[in-house]
Amino acid sequence: MKAIEIRNKYLNFFKEHGHNIIPSAPLIPENDPSVLFTTAGMQPLVPYLLGEKHPEGKRLTDYQKCIRTNDIEEVGDNRHLTYFEMLGNWSLGDYFKEESIQMSYDFLTKELKIPAEKISVTCFAGDEDCPRDNVSAECWKKAGIPEERIYFYGKDDNWWIAGEEGPCGPDTEMFYDTGKPACSEDCQPSCDCGKYVEIWNNVFMEYFKDEKGNYRKLEQKNVDTGLGLERMTMLLQGKETPFDTELFKPVMDKLHELQKIDNIQSRRIVAEHLRSSMMIISDGGKPSNTDRGYILRRLIRRMIRHLNKLQINLDELSTLIDINVDNLKEMYPELEKNREDIKLTIIEEKNKFVKTLAHGEKEFTKEMNKAKELGKDKIDGQIVFRLYDTYGFPPEVTKELAEENGMKIDLKEFNELFKQHQEKSRSGSEQKFKGGLAEQTEETICYHTATHLLNAALKVVIGKDVHQKGSNITTERMRFDFSCDHKLTDEEKQKVEDLVNEWIKDELPVTKTEMKKEDAIKSGAECMFIEKYPDIVTVYSIGDVSKELCGGPHVTNTSELGQFKIKKEEASSAGVRRIKAVLIK
Ligand code: SER
30 MKAIEIRNKY LNFFKEHGHN IIPSAPLIPE NDPSVLFTTA GMQPLVPYLL GEKHPEGKRL
90 TDYQKCIRTN DIEEVGDNRH LTYFEMLGNW SLGDYFKEES IQMSYDFLTK ELKIPAEKIS
150 VTCFAGDEDC PRDNVSAECW KKAGIPEERI YFYGKDDNWW IAGEEGPCGP DTEMFYDTGK
210 PACSEDCQPS CDCGKYVEIW NNVFMEYFKD EKGNYRKLEQ KNVDTGLGLE RMTMLLQGKE
270 TPFDTELFKP VMDKLHELQK IDNIQSRRIV AEHLRSSMMI ISDGGKPSNT DRGYILRRLI
330 RRMIRHLNKL QINLDELSTL IDINVDNLKE MYPELEKNRE DIKLTIIEEK NKFVKTLAHG
390 EKEFTKEMNK AKELGKDKID GQIVFRLYDT YGFPPEVTKE LAEENGMKID LKEFNELFKQ
450 HQEKSRSGSE QKFKGGLAEQ TEETICYHTA THLLNAALKV VIGKDVHQKG SNITTERMRF
510 DFSCDHKLTD EEKQKVEDLV NEWIKDELPV TKTEMKKEDA IKSGAECMFI EKYPDIVTVY
570 SIGDVSKELC GGPHVTNTSE LGQFKIKKEE ASSAGVRRIK AVLIK
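The sequence shown begins at 30 in the numbering used here and counts up one residue at a time.
Now the structure itself:
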């Protein structure tokens with residue numbers, strides 16, 4: 030059965046059972062800056078799960094486009110996808126466990142014709158917040174699942190909540206037995222040896238978890254279910270991976286035909302990231318340096334790295350996009366509508382990235398020569414990490430380049446730094462889920478980098494005693510206060526402006542290093558309030574012209590800034606002058 034048939038069967042089945050079909054919400058949540066992308070079918074329905082009346086009634090069904098990017102680096106194995114489609118049905122204070130379980134059982138066994146013996150289920154084992162879900166287990170037995178294929182697990186497996194707070198509850202999950210031999214006597218659905226694959230999750234949302242971690246009962250008992258379409262398609266077709274189904278096959282075949290080096294993982298990464306990027310762009314996404322745009326940028330850039338790995342000419346991107354649009358337009362008509370915009374966006378990003386890679390290679394050569402001069406045969410992990418973090422150079426590329434030059438890389442140190450970085454960004458994104466988006470836009474990031482350039486230019490033109498006294502950035506302009514005992518002459522202002530623009534034209538790389546605070550100061554890095562910083566600090570350098578302690582973020586190259594223009598120079602307070610400036614793009 031093809032994916033589209035599964036989708037249609039699902040929607041029709043639930044329609045016949047009194048559900049209204051609602052359209053998929055866009056991947057980019059409307060009016061909700063607290064999450065980056067729609068990650069589950071329930072997400073656009075939160076207000077209704079909490080009690081608001083839905084115009085389409087109490088029984089709803091849909092297919093929802095979803096993006097989950099926690100594990101971008103794992104795509105390429107046979108399971109992980111960043112984009113997937115979730116089929117779902119909801120009861121907003123209407124039916125509950127019994128009807129929900131019976132409908133799921135009937136859909137799986139009668140509509141999809143999965144033999145009942147292949148289905149195992151799991152239920153919530155109970156704890157201090159919520160009792161053991163014997164009711165669901167009884168419903169499963171009544172529907173036709175024998176006791177020995179009903180398992181009970183705790184919150185880690187059988188409790189569902191999006192993020193840290195919100196509507197939630199115990200769930201019951203359905204697993205498909207692939208027929209592979211059990212890995213041990215204890216092999217169960219919770220085991221990830223591959224014998225059991227989770228296919229559907231019915232959440233009985235009757236609780237709300239508040240920000241303090243306390244649970245209370247909701248006024249209505251809801252059901253929220255989610256069935257992953259790609260996975261179900263793969264299982265019903267007896268395929269090993271979603272990449273072997275018709276959803277990916279045309280593009281996978283083309284990659285196989287075009288590749289000069291065989292690498293199945295790279296083909297999967299390209300096919301997967303291409304589809305995700307196209308879906309995000311057709312819902313209005315644009316690559317940038319922050320948040321949603323940054324995820325899209327990472328997806329496109331990772332795809333390009335793997336096209337390079339396969340030695341496929343990047344000019345083929347347009348053909349690959351066409352193949353995907355043609356293959357998927359029946360399921361997603363918006364792809365056809367946005368075909369040209371998708372191409373333009375991806376190709377423009379490719380052009381930018383090719384430039385960045387060239388900068389990165391230059392940087393690598395510089396670092397390698399330095400290491401050689403010092404008699405080293407290994408490139409420091411810190412440098413490997415900087416190349417990764419700033420230039421998007423994966424360690425395997427750096428390793429390859431190093432080996433071509435008879436050198437090695439310190440992969441162990443790189444891995445440690447990478448882990449630290451991941452932990453940091455994970456806690457960052459958790460905070461984002463809680464606290465809404467930080468006020469970082471592409472514009473403010475550019476102004477932030479321009480502030481460093483202005484600081485450096487003032488030191489060259491006015492003198493080394495100029496120090497930053499304050500800064501304020503909006504999306505429209507920058508304001509910079511600095512110590513200086515006189516009003517700047519027109520000539521001085523012009524010189525400062527020219528110098529900043531010269532550095533922008535020079536396409537200087539912006540790089541980030543972590544080091545001990547005392548080493549940073551010794552190395553001559555600028556810093557406004559030394560006591561404000563922790564013992565390990567981040568130092569941003571712009572070519573050889575600027576080095577400052579700073580939390581970032583910054584652009585990766587000054588060429589991204591546009592033209593710098595001073596609008597005003599005035600007194601701020603005694604001995605402190607103020608410059609207002611803009612970047613014109
Ligand atoms: N919200 C649940 C999930 O994402 C069921 O739809 O798994």
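We treat Cβ as the ideally placed atom computed from N, Cα and C, and that holds for glycine.
Given the structure is predicted, the values throughout are model-derived calculations rather than measurements.
My guess is that residue 491 and residue 513 are in contact by the Cβ rule of under 8 Å, so how many angstroms apart are they, rounded? For the purposes of this step, residue 491 is taken as the residue at position 462 of the sequence shown. For the purposes of this step, residue 513 is taken as the residue at position 484 of the sequence shown. Contact between residue 491 and residue 513 holds, since their C-beta atoms are separated by about 6 Å, short of 8 Å.
Between the Cα of residue 29 and the Cα atoms of 108, 187 and 385, which residue gives the shortest distance? Lying before the first or after the last residue shown, residue 29 is absent from the chain, which here runs from 30 to 614.
Suppose you measure from the CA of residue 305 to the CA of residue 369; what does that come to, to the nearest Å? The sequence position of residue 305 within the sequence shown is 276, counting from 1. The sequence position of residue 369 within the sequence shown is 340, counting from 1. One alpha carbon belongs to residue 305, the other to residue 369, and they sit about 16 Å apart.
Whether or not the region 168–185 and the region 133–140 are in contact is what I'm after, with contact meaning three or more pairs of Cβ atoms, one per stretch, closer than 8 Å; do they touch? Taking a cut-off of 8 Å on C-beta distances, the region 133–140 touches the region 168–185, as three or more cross pairs fall below it.
Give the straight-line distance between the Cα atoms of residue 96 and residue 302, rounded to the nearest whole angstrom. Here residue 96 refers to the residue found at position 67 when the sequence shown is read from its first residue. Here residue 302 refers to the residue found at position 273 when the sequence shown is read from its first residue. Roughly 11 Å between the two C-alpha positions.
First through last residue of the alpha helix (DSSP H) which encompasses residue 353: As a working note, residue 353 is residue 324 in the sequence shown. Counting along the chain, the alpha helix (DSSP H) containing residue 353 begins and ends at 346–357.
Residue 245, buried or exposed, once every other Cβ within 10 Å from all chains shown has been counted against 16: Here the question's residue 245 lines up with position 216 in the sequence shown. Burial state of residue 245 is exposed, judged by a 10 Å Cβ sphere holding fewer than 16 other Cβ atoms.
Does the ligand SER have even one heavy atom less than 7 Å from the beta-carbon of residue 230? On the sequence shown, residue 230 is found 201 positions in, with the first residue counted as 1. Answer for residue 230: yes, Cβ within range of the ligand SER.
Residue 613 in three-state terms, based on DSSP: Position 584 of the sequence shown, counted from the first residue, corresponds to residue 613. Residue 613: strand per DSSP, three-state reduction.
Is there at least one non-hydrogen atom of the ligand SER closer than 7 Å to the beta-carbon of residue 253? Taking the sequence shown and counting its residues from 1, one reaches residue 253 at position 224. Indeed, a heavy atom of the ligand SER lies less than 7 Å from the Cβ.
Leaving out five residues on either side along the sequence, give the residues of the same chain with a beta carbon under 8 Å from the beta carbon of residue 13. Summary: the structure shown does not reach residue 13, with the chain confined to residues 30 through 614, and so no result is reported for it.
Just confirm the distance between the C-beta atoms of residue 230 and residue 206, as a whole number of angstroms; I'd bet it's less than 8 Å. Your numbering for residue 230 matches position 201 in the sequence shown. Your numbering for residue 206 matches position 177 in the sequence shown. About 17 Å separates the beta carbon of residue 230 from that of residue 206, a gap too long to meet the 8 Å contact definition.
Which first and last residues belong to the alpha helix (DSSP H) in which residue 296 is found? Against the sequence shown, residue 296 aligns to sequence position 267. Here the alpha helix (DSSP H) through residue 296 covers 293–311.
Helix, strand or coil, according to DSSP, for residue 154 in the structure here? The sequence position of residue 154 within the sequence shown is 125, counting from 1. Residue 154 falls in the coil class under three-state DSSP.
Considering only C-alpha positions, which residue in the set 343, 319, 261 and 142 is nearest to residue 27? Because the chain in this structure spans residues 30 to 614, residue 27 falls outside the shown range and cannot be described.
As a quick exercise: from 219, 248 and 477, pick the residue whose alpha carbon is nearest that of residue 586. Numbered from its first residue, the sequence shown carries residue 586 at position 557. For the residues 219, 248 and 477, the minimum Cα distance to residue 586 belongs to 477.
Assuming residue 398 is part of the beta strand (DSSP E), what are its boundary residues? Position 369 of the sequence shown, counted from the first residue, corresponds to residue 398. First-last for residue 398: 368–402, but that is the alpha helix (DSSP H), not the beta strand (DSSP E).
Would residue 209 and residue 195 be called neighbours here (beta carbons separated by less than 8 Å)? Mapped onto the sequence shown, residue 209 falls at position 180. Mapped onto the sequence shown, residue 195 falls at position 166. No, Cβ-Cβ distance for residue 209 and residue 195 is not below 8 Å.
Return yes when the Cβ of residue 153 is within less than 8 Å of the Cβ of residue 119, no when it is not. One-based indexing of the sequence shown puts residue 119 at position 90. One-based indexing of the sequence shown puts residue 153 at position 124. Not a contact, by the Cβ cut-off of 8 Å.
Residues of its chain near residue 340, where Cβ-Cβ distance is below 6 Å and the 5 sequence neighbours each way are ignored: Position 311 of the sequence shown holds residue 340. For residue 340, where only same-chain residues beyond five positions count, the Cβ hits under 6 Å are 289 and 290.
Nearest to residue 286 by alpha carbon, out of 85, 575, 345 and 511? Here the question's residue 286 lines up with position 257 in the sequence shown. Answer by Cα proximity: 345.
Residue 523, enclosing alpha helix (DSSP H) - first and last residue: Translated into positions along the sequence shown, residue 523 becomes position 494. That run of the alpha helix (DSSP H) goes 519–534.
Would you check if the distance between the CB atom of residue 577 and the CB atom of residue 555 is smaller than 8 Å? For this step, residue 577 is matched to residue 548 along the sequence shown. For this step, residue 555 is matched to residue 526 along the sequence shown. Inclusion of residue 577 and residue 555 in the CB contact set at 8 Å is warranted, their separation being smaller than that value.
Tell whether a beta-carbon distance below 8 Å holds between residue 350 and residue 283. The count along the sequence shown starts at 1 and reaches residue 350 at position 321. The count along the sequence shown starts at 1 and reaches residue 283 at position 254. Not a contact, by the Cβ cut-off of 8 Å.
Can you find at least 3 beta carbon pairs, one from the region 309–321 and one from the region 257–275, that sit closer than 8 Å? Counting C-beta pairs with one atom in each stretch, the region 309–321 and the region 257–275 have fewer than three that are closer than 8 Å, which means they do not touch.
Helix or strand or just coil, what does DSSP make of residue 322? Indexing the sequence shown from 1 puts residue 322 at position 293. Correct three-state label for residue 322: helix.
Option in 104, 543, 570 and 534 with minimal Cα separation from residue 328: Along the sequence shown, read from residue 1 onward, the residue named residue 328 stands at position 299. Comparing Cα positions, the closest option is 104.
Below 6 Å CB to CB, which residues in the same chain sit around residue 396 once its five sequence neighbours on both sides are set aside? On the sequence shown, position 367 is the one that residue 396 refers to. Same-chain partners within the cutoff: 412.
Please report the straight-line C-alpha distance between residue 82 and residue 122, rounded to a whole angstrom. Locating residue 82 in the sequence shown gives position 53, where the first residue counts as 1. Locating residue 122 in the sequence shown gives position 93, where the first residue counts as 1. Take the alpha-carbon of residue 82 and the one of residue 122: they are about 10 Å apart.
For residue 149, collect the residues of the same chain with a Cβ closer than 6 Å to its Cβ; drop the 5 residues on either side in sequence, then sort them by chain order. Translated into positions along the sequence shown, residue 149 becomes position 120. Hits under 6 Å: 178, 204 and 218.
Residue 36 versus residue 367 - alpha carbon distance: Locating residue 36 in the sequence shown gives position 7, where the first residue counts as 1. Locating residue 367 in the sequence shown gives position 338, where the first residue counts as 1. Straight-line measurement puts the Cα of residue 367 at about 23 Å from the Cα of residue 36.
Whose CA, out of 87, 55, 375 and 140, lies closest to the CA of residue 40? As a working mapping, residue 40 is identified with position 11 in the sequence shown. Nearest of 87, 55, 375 and 140 to residue 40, Cα basis: 140.
Shortest alpha-carbon distance to residue 546 belongs to which of 566, 157, 445 and 431? Within the sequence shown, numbered from 1, the residue matching residue 546 stands at position 517. Checked all of 566, 157, 445 and 431; the closest Cα to residue 546 is 566.
Compute the beta-carbon to beta-carbon distance between residue 113 and residue 242, rounded to the nearest angstrom, for a pair I have assumed lies under 8 Å. For the purposes of this step, residue 113 is taken as the residue at position 84 of the sequence shown. For the purposes of this step, residue 242 is taken as the residue at position 213 of the sequence shown. About 30 Å separates the two Cβ atoms, so there is no contact after all.
The ligand SER heavy atoms versus the CB of residue 69: any closer than 7 Å? As a first step, residue 69 is located in the sequence shown; it is residue number 40 there, counting from the start. For the ligand SER, at least one heavy atom lies less than 7 Å from the Cβ of residue 69.
For residue 475, which three-state DSSP category applies? To locate residue 475, count along the sequence shown from 1; it is residue 446. DSSP places residue 475 in helix when its eight states are reduced to three.
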